[in-house]
Structure formats: structure tokens, C-alpha cells
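S.K.: For the sequence shown, my numbering assigns the number 2 to the initial residue and increments by one for each residue that follows.
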Amino acid sequence: MQGNDVLEGLYQVVLDRKAHPQEGSYTCYLFDKGLDKILKKVGEESAETIIAAKNGVQADTVGEISDLIYHLMVLMADQDIPLAAVLEELERRSHKIGNLKQFHVSDHNT
């Protein structure tokens, strides 16, 4: 399966759980608990990804990134953000040249 196909398949499962709740589904649990719980999980998974990367164990980092992507998809579904919108934004950004932010030097003497 291609990367976008995997993401699309996962996102469709998340959307299906939102539309058709199933007892015992973790995804449904997140939707039921609401935005605060979803955001808490995104934050936790972000922190765990950082720690795994810092620890330098690639398999752990891959697992945490996967958890983070899943929780971001739950957030996207909760906020009615289509996966296509994110993929289009990534595509748009991939074509930018000179993508670095410009830094402004402050004059500390004034």
C-alpha cells in the first residue's frame, strides 16, 4: 500500500467510528469524551514522540509517531478537517523554494 493509501484507509476508519460508534472502540471513546480528551492525547503522544526520539531507539520513535498521527487524525475528524486538505497543504508546501523563515535582527539599543 502506498503511504497516502494507508493514511486514507486509517482516516476512513476514524470517520466511520465517528459516524457509527461501536462499543469498546478506543476511537469512539475519544469522540465521546470530546475535544479536551483528544487534545490531551495529542499532547501526550507529542511528548512521547519527543522522548522516544531523544532516547534514540528508532522502533520506539516509529511507534510513537504512529500513535501521534492516529490521534491527529481523530482531532481532524472531530474538527471536520478532511485528510485531503492536509495532504494538499503538504503538497503545496513541498513546492516552496526558500522555505526558511526570515529572522529579523532587533536593535536592542532603542
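All C-beta atoms, glycine included, are put in the ideal place defined by N, C-alpha and C.
Would you mind working out which of S26, H96, L91, I70 sits nearest L8, comparing C-alpha positions?
M.R.: I70
S.K.: What would DSSP say about Q3, mapped onto helix, strand or coil?
M.R.: If DSSP states are grouped into helix, strand and coil, Q3 belongs with coil.
S.K.: Could you pull out every residue in the same chain whose Cβ sits closer than 6 Å to the Cβ of L16, ignoring the five residues on either side in sequence?
M.R.: Answer for L16: A78, listed in chain order.
S.K.: Which one of Q3, L31, E92, E24 has the shortest CA to CA distance from M74?
M.R.: L31
S.K.: Can you say whether H96 is buried or exposed, counting buried as having 16 or more other CB atoms within 10 angstroms of its CB?
M.R.: exposed
S.K.: Run the CB neighbour count on A53, radius 10 Å, all protein chains shown included, and call it buried at 16 or more, exposed below.
M.R.: buried
S.K.: Cβ atoms of N5 and L91: under 8 Å apart, would you say?
M.R.: no
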